[in-house]
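Terminal number for the sequence shown in my numbering: 440, no gaps in between. Glycine included, C-beta positions come from ideal geometry on N, C-alpha and C.
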Amino acid sequence: MSAPFAPITAVPEGAAVPGDPSAADTPRFDGPAEARVPWWRVALVLAGRAGSAVLRGARVVRPIGWLAILGAIVLWVIGPLYGWREMTTGAIALTVIVVACGAFLLGRTAYDVSLDLNRDRVVVGEHAQGGLILTNPTSRAIPASRVVLPVGQGRGIFAVRRLAQAESVTELFRIPTQRRGVLPIGPVSVLRGDPLGLFERVERKDDPTDLYVHPRTVPFDGESLGFVRDLEGMPTTDLARDDISFHALSEYQPGDDLRHVHWRSSARTGVLMMRTYEQTRRSHFVIAISRSAREYRTDEEFELAVSLGASIGRRAMRDAFEVDLRTQGTSLRAGSERRMLDSLSDFEAERMPEGIAELGAFVGTDVPSASFVVLVTGRGATATDLKAAAARVPVGARTLVCIAEEGADPQLRRIADADVLTLGTLDQLPTAMRRALG
Numbered sequence: 003m004s005a006p007f008a009p010i011t012a013v014p015e016g017a018a019v020p021g022d023p024s025a026a027d028t029p030r031f032d033g034p035a036e037a038r039v040p041w042w043r044v045a046l047v048l049a050g051r052a053g054s055a056v057l058r059g060a061r062v063v064r065p066i067g068w069l070a071i072l073g074a075i076v077l078w079v080i081g082p083l084y085g086w087r088e089m090t091t092g093a094i095a096l097t098v099i100v101v102a103c104g105a106f107l108l109g110r111t112a113y114d115v116s117l118d119l120n121r122d123r124v125v126v127g128e129h130a131q132g133g134l135i136l137t138n139p140t141s142r143a144i145p146a147s148r149v150v151l152p153v154g155q156g157r158g159i160f161a162v163r164r165l166a167q168a169e170s171v172t173e174l175f176r177i178p179t180q181r182r183g184v185l186p187i188g189p190v191s192v193l194r195g196d197p198l199g200l201f202e203r204v205e206r207k208d209d210p211t212d213l214y215v216h217p218r219t220v221p222f223d224g225e226s227l228g229f230v231r232d233l234e235g236m237p238t239t240d241l242a243r244d245d246i247s248f249h250a251l252s253e254y255q256p257g258d259d260l261r262h263v264h265w266r267s268s269a270r271t272g273v274l275m276m277r278t279y280e281q282t283r284r285s286h287f288v289i290a291i292s293r294s295a296r297e298y299r300t301d302e303e304f305e306l307a308v309s310l311g312a313s314i315g316r317r318a319m320r321d322a323f324e325v326d327l328r329t330q331g332t333s334l335r336a337g338s339e340r341r342m343l344d345s346l347s348d349f350e351a352e353r354m355p356e357g358i359a360e361l362g363a364f365v366g367t368d369v370p371s372a373s374f375v376v377l378v379t380g381r382g383a384t385a386t387d388l389k390a391a392a393a394r395v396p397v398g399a400r401t402l403v404c405i406a407e408e409g410a411d412p413q414l415r416r417i418a419d420a421d422v423l424t425l426g427t428l429d430q431l432p433t434a435m436r437r438a439l440g
């Protein structure tokens with residue numbers, strides 16, 4: 003008779019099976035051991051968080067607030083120590099004042115803030131106008147607060163009344179512009195503080211924007227500046243072996259392109275005759291303004307130089323010329339009137355050894371295709387400097403030098419191959435340009 007079947011007992015997963023020879027060698031894992039963090043690491047984390055909280059709290063305390071807190075601490079020490087009830091009473095009063103003023107910081111100013119400028123580009127001397135729109139998007143009223151609008155180095159403060167749910171208010175402002183530049187406006191900040199000025203909390207609500215203050219320019223009419231631009235270019239007096247505008251016939255020279263042989267004339271004369279052409283050139287204007295501070299006697303003289311360059315550049319662009327804007331070792335953006343004026347908004351004079359002569363050399367190497375070069379500088383540039391600058395501009399380009407000399411009478415003279423205009427005011431430019439181009 004066969005042996006009965008032994009009962010089958012379920013064995014938990016991972017447990018050793020009786021009689022299994024490999025059970026003794028199988029390691030047992032009771033789960034990952036709990037990592038124990040040293041107490042000093044926990045203390046460092048807590049101390050760091052506490053320090054960050056103290057720093058955030060210290061930012062809301064104004065100098066007069068620190069004096070009040072320090073005074074309360076001193077009174078609390080001296081009063082009980084010497085038994086002076088007057089000091090203790092003062093400590094209690096000062097503590098109550100500090101705590102009451104700190105309560106004004108509770109709550110959040112959940113404004114939706116938007117800054118709307120009518121124009122983000124103005125001419126120096128004009129006013130930029132805009133509005134600050136504040137809306138309460140919450141379901142509860144927002145108490146009265148102050149809103150700060152930084153403008154350059156200054157700031158405007160608006161007292162905003164209490165706003166109910168979904169209510170909005172618009173604060174209008176005007177920004178006077180006394181000098182050329184790029185003024186950062188914003189970010190808009192909301193101030194929460196107490197009536198005594200002990201505490202003040204600032205919450206930024208909007209990203210800053212830039213206000214471009216362009217230099218003054220003057221329009222002028224008259225004949226077109228430089229060459230007339232068309233699809234084929236304007237012929238010049240320079241001759242070329244290969245171009246568009248036919249000039250005359252000449253004898254063959256080694257290296258000439260045989261495609262330009264005039265066969266009829268060659269057959270008649272018995273000499274190989276070649277067509278020669280007048281070199282054409284597209285109108286390419288370059289406005290080069292020196293930013294060397296030693297060439298300007300006053301800040302007003304430098305501003306006049308910038309306005310002269312900007313005025314000539316605007317006229318050249320309106321004549322549909324290609325215009326480049328250069329200064330010592332640097333090219334400025336000038337793809338359009340707006341970009342050119344934006345580039346000149348934050349254009350500043352600097353103390354540097356390079357002057358107008360080095361600027362002329364830079365134009366000659368950087369823009370060799372220029373057809374009209376305008377060099378602008380101050381009365382500090384000598385005749386030698388002007389002569390050196392005119393000699394280094396691209397060959398064949400017409401050169402005009404404008405000297406800004408505050409209060410001077412307009413004067414036109416000739417130095418080397420350049421016409422030199424001395425101007426005392428911006429309004430003298432239209433008449434002086436007609437004389438120089440006439």
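Can you tell me where the beta strand (DSSP E) holding residue i begins and where it ends?
{"i": "Val-403", "result": "400-406"}
{"i": "Ala-420", "result": "420-425"}
{"i": "Arg-194", "result": "191-195"}
{"i": "Val-82", "result": "Before going on, a small fix: residue 82 reads as Pro here, not Val. It is not in any beta strand (DSSP E) - Pro-82 instead sits in the alpha helix (DSSP H) that spans 65-84."}
{"i": "Arg-206", "result": "202-206"}
{"i": "Phe-222", "result": "Looking at the DSSP string, Phe-222 is not in any beta strand (DSSP E), and its letter there is neither H nor E."}
{"i": "Ile-291", "result": "286-291"}
{"i": "Gly-409", "result": "Here Gly-409 belongs to no beta strand (DSSP E), and DSSP marks it neither H nor E."}
{"i": "Thr-300", "result": "Run containing Thr-300: none; DSSP gives neither H nor E here."}
{"i": "Pro-186", "result": "183-187"}
{"i": "Leu-2", "result": "Within the shown structure, residues of the chain are numbered from 3 to 440, placing residue 2 beyond reach of any answer."}
{"i": "Ser-333", "result": "332-334"}
{"i": "Arg-381", "result": "Element bounds for Arg-381: n/a, residue is neither H nor E."}
{"i": "Thr-329", "result": "324-329"}
{"i": "Glu-173", "result": "170-178"}
{"i": "Thr-211", "result": "211-216"}
For the candidate residues the options, whose alpha-carbon lies nearest to that of residue i?
{"i": "Leu-108", "options": "Thr-91, Leu-193 and Gly-85", "result": "Leu-193"}
{"i": "Val-151", "options": "Pro-189, Ala-166 and Met-342", "result": "It should be noted that the sequence gives Leu, not Val, for residue 151. Comparing Cα positions, the closest option is Pro-189."}
{"i": "Thr-172", "options": "Val-215, Arg-142, Leu-117 and Cys-103", "result": "Leu-117"}
{"i": "Leu-136", "options": "Val-100, Val-149, Arg-317 and Gln-413", "result": "Val-149"}
{"i": "Ile-289", "options": "Gly-133, Ala-434, Ala-372 and Ala-146", "result": "Ala-372"}
{"i": "Ala-307", "options": "Val-375, Leu-48, Leu-174 and Arg-218", "result": "Arg-218"}
{"i": "Glu-352", "options": "Arg-296, Met-435, Glu-88 and Gly-127", "result": "Arg-296"}
{"i": "Ile-66", "options": "Gly-195, Arg-164, Phe-287 and Arg-436", "result": "Gly-195"}
{"i": "Arg-335", "options": "Gln-131, Ala-322 and Gly-315", "result": "Gly-315"}
{"i": "Gln-413", "options": "Ile-177, Gln-430, Thr-90 and Tyr-298", "result": "Gln-430"}
{"i": "Arg-181", "options": "Glu-305, Leu-46 and Cys-103", "result": "Glu-305"}
{"i": "Glu-128", "options": "Ala-102, Met-435 and Ile-177", "result": "Ile-177"}
{"i": "Val-184", "options": "Phe-160, Glu-350, Thr-424 and Gly-398", "result": "Glu-350"}
{"i": "Gly-398", "options": "Ala-383, Val-375 and Gly-382", "result": "Val-375"}
{"i": "Ala-420", "options": "Met-435, Arg-400 and Arg-436", "result": "Arg-400"}
{"i": "Trp-68", "options": "Ile-99, Met-354, Asp-326 and Arg-142", "result": "Ile-99"}
Which residue marks the beginning of the alpha helix (DSSP H) containing residue i, and which one marks its end?
{"i": "Asp-344", "result": "339-347"}
{"i": "Phe-106", "result": "That residue, Phe-106, is in no alpha helix (DSSP H); it is neither H nor E in DSSP."}
Report all residues from its chain with a CB closer than 7 Å to the CB of residue i; omit the five preceding and five following residues, and keep chain order.
{"i": "Pro-9", "result": "Legend: pLDDT at Pro-9 = 42, less than 50; position of this residue unreliable, value from coordinates given subsequently. None."}
{"i": "Leu-96", "result": "Ala-70, Gly-73, Ala-74 and Leu-77"}
{"i": "Ser-24", "result": "Reliability fails at Ser-24, whose pLDDT of 47 lies under 50, so the model's placement of it is uncertain and the value that follows must be treated cautiously. If we look at Ser-24 and ignore the five residues flanking it on each side, it has no Cβ neighbours."}
{"i": "Glu-339", "result": "Arg-316 and Met-319"}
What does a CB cutoff of less than 6 Å around residue i pick up in its chain, not counting 5 residues either side in sequence?
{"i": "Val-422", "result": "Val-403 and Arg-415"}
{"i": "Arg-206", "result": "Pro-189 and Ser-191"}
{"i": "Pro-432", "result": "Phe-222"}
{"i": "Thr-239", "result": "Because Thr-239 carries a pLDDT of 46, less than 50, the predicted location of this residue cannot be relied on, and no value is offered for it."}
{"i": "Leu-361", "result": "Ala-290, Ser-292 and Gln-330"}
{"i": "Pro-450", "result": "This structure gives no information on residue 450, because the portion of the chain shown stretches from 3 to 440."}
{"i": "Glu-324", "result": "His-286"}
{"i": "Arg-203", "result": "Val-62, Leu-107 and Arg-194"}
{"i": "Asp-344", "result": "Tyr-214"}
Are the beta-carbon atoms of residue i and residue j separated by less than 8 Å?
{"i": "Ala-105", "j": "Ile-144", "result": "no"}
{"i": "Trp-86", "j": "Ile-94", "result": "no"}
{"i": "Val-446", "j": "Leu-310", "result": "Nothing can be reported for residue 446, as the shown portion of the chain is limited to 3 through 440."}
{"i": "Thr-278", "j": "Ala-250", "result": "yes"}
{"i": "Gly-426", "j": "Ala-438", "result": "no"}
{"i": "Asp-212", "j": "Asp-122", "result": "yes"}
{"i": "Val-215", "j": "Ser-347", "result": "yes"}
{"i": "Val-125", "j": "Leu-428", "result": "no"}
{"i": "Gly-380", "j": "Ala-363", "result": "no"}
{"i": "Glu-303", "j": "Glu-169", "result": "no"}
{"i": "Phe-175", "j": "Gly-158", "result": "yes"}
{"i": "Ala-161", "j": "Asn-138", "result": "no"}
Residues in its own chain within less than 8 Å of residue i by CB, not counting five upstream and five downstream?
{"i": "Ile-417", "result": "Ala-385, Leu-388, Lys-389, Ala-392 and Val-403"}
{"i": "Val-63", "result": "Ile-71, Leu-200 and Phe-201"}
{"i": "Ser-267", "result": "Leu-251 and Met-275"}
{"i": "Val-273", "result": "Glu-253 and Tyr-254"}
{"i": "Glu-356", "result": "Ser-294, Gln-330 and Gly-331"}
{"i": "Ala-35", "result": "Here the model assigns Ala-35 a pLDDT of 48, short of 50, so the residue's position is not dependable and the matter cannot be decided."}
* Asked: In chain order, which beta strand (DSSP E) runs of at least 3 residues are fully inside the segment 124-165?
  -> 129-137, 147-153 and 156-162
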